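Numbering (the working numbering), first residue to last: 1121 to 1467.
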């Protein structure tokens, strides 16, 4: 066994050898400066002004809510804000805060200026949410001691803190809670293929993996416009190249992703199964959600929330009042003949 020590990464926040433990890939590849964060320019510009203004006034930043589909960088933005402000960040999630006492324990252990990050805040218990309102607005924690006529309320002063929250389902965040994010409510958009390619290029350097331009583009166009998916594909392509003793070129990446059943536009086996059932068994639709979920042996929520959004985004699927309908683009992509009477079903 070689005694040579692993070289340190140029990024001080990346472990000495990120290749040694892929389970920490997302954390290792996280940007540490605004210049390293690619995409979401409108959010970066607004947050940078918010942080700079607060610093110049000697105040803590106001509370911020990020929302959008998974894998777009909500948690990364929270970590980046903590690094830019030089503050400690305590991390928790909505489901983890089950009781009022859990929230009280977290808030009372914060130091002045700390950042509290709550992921999936839409899953926060409603009773806990009520306690969070005065904490966010007035910096106090109201605790009820006892029950019945002898019950009394104790008000604890909290140190100034910034709450950063993230959610994938902003509609489930109550209006009173949303209104208390005075720093802003920001929606993360999907990335362009060019932005994804830049992210993969940066990740490959941190992983000490060489990629040619064709390989970058191949990963980017199959990544579903999502950085987390792109980094996952990079990791799997790297493994494939390593095992087969190949260079990480366009053909190797294509072979690796084909083995994962990811086609050239990012559809996986479930996506293609959905479209194939819709076209072959139901003549392209319209067909109801319950029917197609039963045909796929999948839960309705899985079909509606996991499978359909990307198909709709690519223009392969339409949701109509009568049900789901496959578009001409879906027929062409899967190699089916476009039925002449298909459009009449939409009338």
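Virtual Cβ for every residue (Gly too), placed ideally from N, Cα, C.
Model, not experiment: these values are computed from the prediction.
Next on the checklist: Spatial neighbours of residue 1358 within its chain, please: C-beta separation below 6 Å, excluding the five flanking residues on both sides.
Outcome noted: Mapped onto the chain shown, residue 1358 falls at position 238. If the five residues before and after residue 1358 are omitted, its C-beta is found closer than 6 Å to the C-beta atoms of 1329, all from its own chain and listed in chain order.
Checklist entry - Can you tell me whether residue 1162 is buried or exposed, with buried defined as 16 or more other CB within 10 angstroms of its CB? => result Reading the chain shown from its first residue, position 42 is the one you call residue 1162. Exposed: under 16 other Cβ atoms inside 10 Å.
Checklist entry - In three-state DSSP terms, what is residue 1141? => result For the purposes of this step, residue 1141 is identified with residue 21 of the chain shown, where counting begins at 1. Bear in mind that the predicted position of residue 1141 carries a pLDDT of just 44, short of 50, making it unreliable; the figure below should be weighed with that in mind. DSSP places residue 1141 outside both helix and strand once states are collapsed to three, so it counts as coil.
Item to check | When 1418, 1421 and 1456 are compared against residue 1436, the one with the closest alpha-carbon | outcome: Position 316 of the chain shown, counted from the first residue, corresponds to residue 1436. Closest option to residue 1436, Cα to Cα, is 1456.
Item to check | Ordered list of alpha helix (DSSP H) runs contained in the region 1410-1444, each at least 4 residues | outcome: With a minimum length of 4 residues, the continuous alpha helix (DSSP H) runs that stay inside the region 1410-1444 are 1428-1433.
Next on the checklist: Quick check on DSSP: helix, strand or coil for residue 1305?
Outcome noted: As a position in the chain shown, residue 1305 is number 185, starting the count at 1. In the structure shown, residue 1305 falls within a strand segment according to DSSP collapsed to helix, strand and coil.
Next on the checklist: One question on the structure: do residue 1237 and residue 1256 come within less than 9 Å of each other, judged by their Cβ atoms?
Outcome noted: Here residue 1237 refers to the residue found at position 117 when the chain shown is read from its first residue. Here residue 1256 refers to the residue found at position 136 when the chain shown is read from its first residue. By the CB criterion at 9 Å, residue 1237 and residue 1256 fall outside the cutoff.
Checklist entry - Which residues in the same chain as residue 1319 place their Cβ atom closer than 7 Å to its Cβ, once the five residues preceding and following it in sequence are excluded? => result Here residue 1319 corresponds to residue number 199 of the chain shown, with the count starting at 1. Within the same chain, Cβ atoms closer than 7 Å to the Cβ of residue 1319 are found at 1158, 1347 and 1350, the five residues on either side in sequence being excluded.
Checklist entry - What span of residues does the beta strand (DSSP E) with residue 1186 cover, start to end? => result For this step, residue 1186 is matched to residue 66 along the chain shown. Run containing residue 1186: 1184-1187, per the beta strand (DSSP E) assignment.
Item to check | Nearest-angstrom Cα separation, counted from residue 1327 out to residue 1386 | outcome: As a working note, residue 1386 is residue 266 in the chain shown. As a working note, residue 1327 is residue 207 in the chain shown. Across the structure, residue 1386 and residue 1327 are spaced so that their CA atoms are roughly 23 Å apart.
Item to check | contact_flag[the region 1337-1344, the region 1307-1322] where n(CB pairs < 8 Å) is 3 or more | outcome: Contact between the region 1337-1344 and the region 1307-1322 is present: three or more C-beta pairs spanning the two stretches fall below 8 Å.
Checklist entry - Which residue from 1368, 1212, 1388 and 1196 puts its Cα closest to that of residue 1243? => result The count along the chain shown starts at 1 and reaches residue 1243 at position 123. Taking only the C-alpha atoms, the option nearest residue 1243 is 1212.
Item to check | Expected contact under 8 Å - CB spacing of residue 1234 and residue 1281 to nearest Å | outcome: By 1-based counting over the chain shown, the position of residue 1234 is 114. By 1-based counting over the chain shown, the position of residue 1281 is 161. Their Cβ separation, rounded to whole angstroms, is 5 Å, which keeps residue 1234 and residue 1281 in contact under 8 Å.
Item to check | residue 1235: first and last residue of the uninterrupted alpha helix (DSSP H) it sits in | outcome: In the chain shown, the residue the question calls residue 1235 occupies position 115. If you look at residue 1235, you'll find it isn't in any alpha helix (DSSP H); it sits in the beta strand (DSSP E) that goes 1235-1239.
Next on the checklist: Buried or exposed for residue 1442, going by 16 or more other Cβ atoms inside 10 Å?
Outcome noted: As a working mapping, residue 1442 is identified with position 322 in the chain shown. Here residue 1442 is exposed: its Cβ has fewer than 16 other Cβ atoms, across all protein chains shown, within 10 Å.
Item to check | Inter-residue spacing [alpha-carbon to alpha-carbon] between residue 1299 and residue 1175 | outcome: Counting from one through the chain shown, the residue named residue 1299 turns up at place 179. Counting from one through the chain shown, the residue named residue 1175 turns up at place 55. A direct Cα-Cα distance of roughly 23 Å separates residue 1299 from residue 1175.
Checklist entry - From 1259, 1154, 1334 and 1397, pick the residue whose C-alpha is nearest to that of residue 1183; which is it? => result Numbered from 1 along the chain shown, position 63 holds the residue referred to as residue 1183. When each option's Cα is compared against that of residue 1183, the closest is 1259.
Next on the checklist: In the DSSP assignment, the alpha helix (DSSP H) including residue 1283 goes from what residue to what residue?
Outcome noted: Here residue 1283 corresponds to residue number 163 of the chain shown, with the count starting at 1. According to the DSSP assignment, residue 1283 belongs to no alpha helix (DSSP H) but to the beta strand (DSSP E) extending over 1282-1287.
Checklist entry - According to the Cβ coordinates, are residue 1263 and residue 1278 closer than 9 Å? => result Locating residue 1263 in the chain shown gives position 143, where the first residue counts as 1. Locating residue 1278 in the chain shown gives position 158, where the first residue counts as 1. No, they are not a contact pair.
Checklist entry - Hey, would you say residue 1376 sits closer than 9 Å to residue 1353, going by beta carbons? => result On the chain shown, residue 1376 is found 256 positions in, with the first residue counted as 1. On the chain shown, residue 1353 is found 233 positions in, with the first residue counted as 1. Closer than 9 Å, so yes.
Next on the checklist: Just verifying my parser: in three-state terms, what is the DSSP assignment at residue 1275?
Outcome noted: Numbered from its first residue, the chain shown carries residue 1275 at position 155. Looking at residue 1275 - three-state DSSP - the assignment turns out to be strand.
Next on the checklist: Using only the alpha-carbon positions, how far apart do residue 1336 and residue 1317 sit?
Outcome noted: The residue you call residue 1336 lines up with position 216 of the chain shown. The residue you call residue 1317 lines up with position 197 of the chain shown. Going by C-alpha positions, residue 1336 is about 6 Å away from residue 1317.
Item to check | Under the three-state DSSP convention, the category residue 1316 falls into | outcome: Against the chain shown, residue 1316 aligns to sequence position 196. DSSP places residue 1316 in helix when its eight states are reduced to three.
Checklist entry - Nearest-angstrom Cα distance between residue 1470 and residue 1198? => result Past the edges of the chain, shown from 1121 to 1467, lies residue 1470, and the structure says nothing about it.
Next on the checklist: Please list the terminal residues of the continuous beta strand (DSSP E) segment that includes residue 1212.
Outcome noted: Along the chain shown, read from residue 1 onward, the residue named residue 1212 stands at position 92. In the DSSP assignment, residue 1212 falls within the unbroken beta strand (DSSP E) covering 1209-1213.
Item to check | Delimiting residues of the alpha helix (DSSP H) encompassing residue 1358 | outcome: Walking along the chain shown from the start, residue 1358 turns up at place 238. Unbroken alpha helix (DSSP H) run through residue 1358: 1347-1363.
Checklist entry - What is the rounded straight-line gap between the Cα of residue 1195 and the Cα of residue 1248? => result The count along the chain shown starts at 1 and reaches residue 1195 at position 75. The count along the chain shown starts at 1 and reaches residue 1248 at position 128. Roughly 22 Å between the two C-alpha positions.
Item to check | Three-state secondary structure assigned by DSSP to residue 1397 | outcome: Numbered from its first residue, the chain shown carries residue 1397 at position 277. Residue 1397: helix per DSSP, three-state reduction.
Item to check | Terminal residues of the alpha helix (DSSP H) in which residue 1378 lies | outcome: On the chain shown, residue 1378 is found 258 positions in, with the first residue counted as 1. For residue 1378, the enclosing alpha helix (DSSP H) covers residues 1370-1379.
Item to check | Spatial neighbours of residue 1408 in its chain, beta-carbon cut-off 6 Å, leaving aside the 5 residues before and after | outcome: Position 288 of the chain shown holds residue 1408. Listed in chain order, the non-local C-beta contacts of residue 1408 below 6 Å within the same chain comprise 1443, local neighbours out to five positions each way being set aside.
Next on the checklist: Check whether the region 1366-1374 and the region 1412-1429 touch, using three or more Cβ-Cβ pairs below 8 Å as the test.
Outcome noted: The region 1366-1374, when compared against the region 1412-1429, does not touch it at the 8 Å Cβ threshold.
Checklist entry - Hey, residue 1391 and residue 1452 are a contact pair by Cβ (cut 8 Å); roughly how many whole angstroms apart? => result The residue labelled residue 1391 in the question sits at position 271 within the chain shown. The residue labelled residue 1452 in the question sits at position 332 within the chain shown. Contact check for residue 1391 and residue 1452: beta-carbon distance about 15 Å, past the 8 Å limit, so the pair fails to qualify.
Item to check | Option nearest residue 1201 by Cα separation, candidates 1170, 1229 and 1214 | outcome: Counted from its first residue, the chain shown places residue 1201 at position 81. Minimum Cα distance to residue 1201 is reached at 1170.
Next on the checklist: Just to confirm before moving on: does the CB-CB distance between residue 1405 and residue 1361 stay below 9 Å?
Outcome noted: Residue numbering aside, residue 1405 sits at position 285 when the chain shown is read from its first letter. Residue numbering aside, residue 1361 sits at position 241 when the chain shown is read from its first letter. No.
Checklist entry - Would you call residue 1123 buried or exposed, if buried means 16 or more other Cβ atoms sit within 10 Å of its Cβ? => result As a first step, residue 1123 must be located in the chain shown, where it is residue number 3. Because residue 1123 carries a pLDDT of 44, less than 50, the predicted location of this residue cannot be relied on, and the following value inherits that uncertainty. Classification of residue 1123: exposed, given that the 10 Å Cβ count is below 16.
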